DNA sequence: CACAGACTGGACCTACCGGTCCAAAAGGAG
DNA sequence: CTCCTTTTGGACCGGTAGGTCCAGTCTGTG
């Protein structure tokens, strides 16, 4: 039998339990470092159930990617409106604060998955690229809005600016994680913000 | 018996063959995705030799990290002198060109290793952090030189600027790898360069 | 209350992985 | 030539990983 959608409330709860456990374990130990037996134990679920809801590990990982993207975006309520300098600055502050709280552990969940899967699982790569798109879009739209409002210069390119900012986030997180120092993200984001600001109208 | 330094020319050649093969395989498939048997086969070497020169997989991985850092720095001859705007711009161009040549595959070898090992192997994390230090230092020194030469404003902080630039590289590479588009690095580096330039005296 | 379909538990299988061990070959120094 | 160290080949081992299978238990519906 192949994969099965849960058809009862209980089934959905089980599937969710598995996905929650898998998402957290994968964030903590990576895909390769997380065995299905670990997931099974953490979700207090039997092997049979795992394979009832997911075709194989790859299938589970794809579901984990999806949930991870949702979590990362969900953890940034500020994404809802990035159409003012204050909003953008506040959003950056939140990102840094999150790393301080986490003691600079873990890096970016999406970025980490990308590093681990991009070369081995083309579908995963595409899904993660989609995650970055959904992350970048709100900033791009916010900048566009600011352009319309006359806060951002006409000549500025919201698309490139948003990409450069996302790159600063990712790079800042790589350095933060490797050096175990949240200030690395602070430095990267301060630079990114100042760069954006240089296009202020 | 524990690990052994090669004492003959032949032994050194064997150890190098193993390390070369391991470094390449790890770059292509990650640490978890590279089995010692893969390394053994690629280096045309027997199991006994592997454990003659390396205590265990972790030991081999540490050696791979060392070699990887050397390779990454070695691939950037421009690091030797980054004390002019032209030199910095040329260095950035080279980095982008490298990604174009590689078809945006692989990302940053150091960053990838960091993502995979930072949370599981503290010693590896420290070694990789050291790699970033050695990468960042030449730019910092170049900027300092430019400051002394009156090309960079007095108020600028070479340390932060170098960190922000390295973050742009890393982030640009993450996006490049995930989106399979070398232009992502181009955008990140153009932004980083413009930011540096905003501190020109 | 019956029964079909959804769900659950866990024994079991095979492949592969990191790691051990040891005997044989190579090769330089006396 | 001899002897000792270095180097080499590969059989072997225990653990664990992903994955299969199926019998048994729920559960909602007619």
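Chains as they are written, first to last, in our numbering: chain A, 1 to 201; chain S, 1001 to 1201. Yeah, the Cβ is synthetic: ideal placement off N, Cα and C, and Gly gets one too. Just so it is clear, the structure is predicted and the values come from calculations on it, not from any experiment.
Query: Using 10 angstroms around the beta-carbon of residue 1115 of chain S, count the other beta-carbons present and answer buried if the total reaches 16, otherwise exposed.; Result: buried
Query: Go through its chain and collect everything with a Cβ distance to residue 203 of chain A's Cβ below 8 Å, but skip five positions before and after it.; Result: Residue 203 of chain A lies beyond the residue range present for chain A, which begins at 1 and ends at 201; the question has no answer from this structure.
Query: If you follow the alpha helix (DSSP H) that residue 1127 of chain S is in, where does it begin and where does it stop?; Result: 1122 to 1148
Query: Roughly how far, in whole angstroms, is the beta-carbon of residue 1014 of chain S from the beta-carbon of residue 1049 of chain S, given that I think they are within contact range, below 8 Å?; Result: 6 Å
Query: Using the rule of at least 16 other Cβ atoms within 10 Å of the residue's Cβ for burial, across every protein chain shown, is residue 1127 of chain S buried or exposed?; Result: buried
Query: Over what stretch of residues does the alpha helix (DSSP H) that includes residue 1009 of chain S continue unbroken?; Result: 1009 to 1029
Query: Identify the continuous alpha helix (DSSP H) that holds residue 1100 of chain S and give its terminal residues.; Result: 1085 to 1101
Query: Given a cut-off of 8 Å on the beta-carbon distance, is the pair residue 1134 of chain S and residue 1069 of chain S in contact?; Result: yes
Query: Name the chain A residues whose beta carbon is nearer than 8 Å to that of residue 1187 of chain S?; Result: 160, 163, 164, 167
Query: Indicate whether residue 95 of chain A and residue 187 of chain A have their beta-carbon atoms separated by less than 8 Å.; Result: no
Query: When you compare each of S:1098, S:1042, S:1160 to residue 183 of chain A by their alpha carbons, which one comes out closest?; Result: S:1160
Query: May I ask which residues mark the beginning and end of the alpha helix (DSSP H) holding residue 1116 of chain S?; Result: 1109 to 1117
Query: Is it true that the stretch 1163 to 1177 of chain S meets the stretch 1144 to 1151 of chain S, where meeting means three or more beta-carbon pairs spaced less than 8 Å apart?; Result: no
Query: From this set, S:1016, S:1143, S:1091, S:1075, which residue's C-alpha is nearest residue 1185 of chain S's C-alpha?; Result: S:1091
Query: For residue 146 of chain A, which residues from the same chain have a beta carbon less than 6 Å from its beta carbon, with the 5 sequence-adjacent residues on both sides left out?; Result: 83, 152
Query: Could you round the C-beta distance between residue 66 of chain A and residue 3 of chain A to whole angstroms and report it? I think they count as a contact, below 8 Å.; Result: At roughly 14 Å, the Cβ-Cβ gap does not stay under 8 Å, so residue 66 of chain A and residue 3 of chain A are not in contact.
Query: Leaving aside the five residues before and after residue 1087 of chain S along the sequence, list all residues of the same chain whose C-beta is less than 8 Å from its C-beta, in chain order.; Result: 1078, 1081, 1142
Query: Have a look at S:1042, S:1011, S:1051, S:1120 and flag the residue whose alpha-carbon is nearest the alpha-carbon of residue 1025 of chain S.; Result: S:1042
Query: Please determine, among S:1012, S:1097, S:1181, the residue with the shortest C-alpha to C-alpha distance to residue 1076 of chain S.; Result: S:1097
Query: May I ask you to list, following chain order, the residues of the stretch 1066 to 1080 of chain S that have a beta carbon less than 9 Å from some beta carbon of chain A?; Result: none
Query: Tell me, please, which residues DSSP counts as bridged to residue 200 of chain A.; Result: A:152
Query: Between which residues of its own chain and residue 1017 of chain S is the CB-CB distance below 8 Å, once the five residues before and five after are set aside?; Result: 1043, 1044, 1045
Query: Exposed or buried, residue 140 of chain A, counting other C-beta atoms within 10 Å across all chains shown (16 or more means buried)?; Result: buried
Query: Suppose contacts are defined by Cβ-Cβ distances below 8 Å. Is residue 1178 of chain S in contact with residue 125 of chain A by that definition?; Result: yes
Query: Who are the Cβ neighbours of residue 1036 of chain S in its own chain at under 7 Å, not counting the five residues just before and after it?; Result: 1050, 1057
Query: Should residue 1162 of chain S and residue 1195 of chain S be called a contact, given that it needs their Cβ atoms to be closer than 8 Å?; Result: no
Query: Shorter than 8 Å from the beta carbon of residue 142 of chain A to some beta carbon of chain S?; Result: no
Query: How big is the Cα-Cα spacing for residue 1192 of chain S and residue 107 of chain A?; Result: 21 Å
Query: Starting from residue 158 of chain A, trace the alpha helix (DSSP H) both ways and give me its first and last residue.; Result: 158 to 179
Query: Taking only beta-carbon positions, decide if residue 97 of chain A is within less than 8 Å of chain S.; Result: no
Query: Hey, how far is the Cα of residue 131 of chain A from the Cα of residue 137 of chain A?; Result: 10 Å
Query: Between which residues of its own chain and residue 1006 of chain S is the CB-CB distance below 6 Å, once the five residues before and five after are set aside?; Result: 1012, 1015
Query: Against residue 22 of chain A, what residues of chain S qualify as contacts under a CB-to-CB distance less than 9 Å, listed in chain order?; Result: Within 9 Å Cβ-Cβ: nothing; residue 22 of chain A doesn't reach chain S, min ~17 Å.
Query: Determine the burial state of residue 1155 of chain S: buried for a count of at least 16 other Cβ atoms within 10 Å of its Cβ, exposed for fewer.; Result: exposed
Query: Locate the alpha helix (DSSP H) running through residue 68 of chain A, then write down its first and last residues.; Result: 57 to 74
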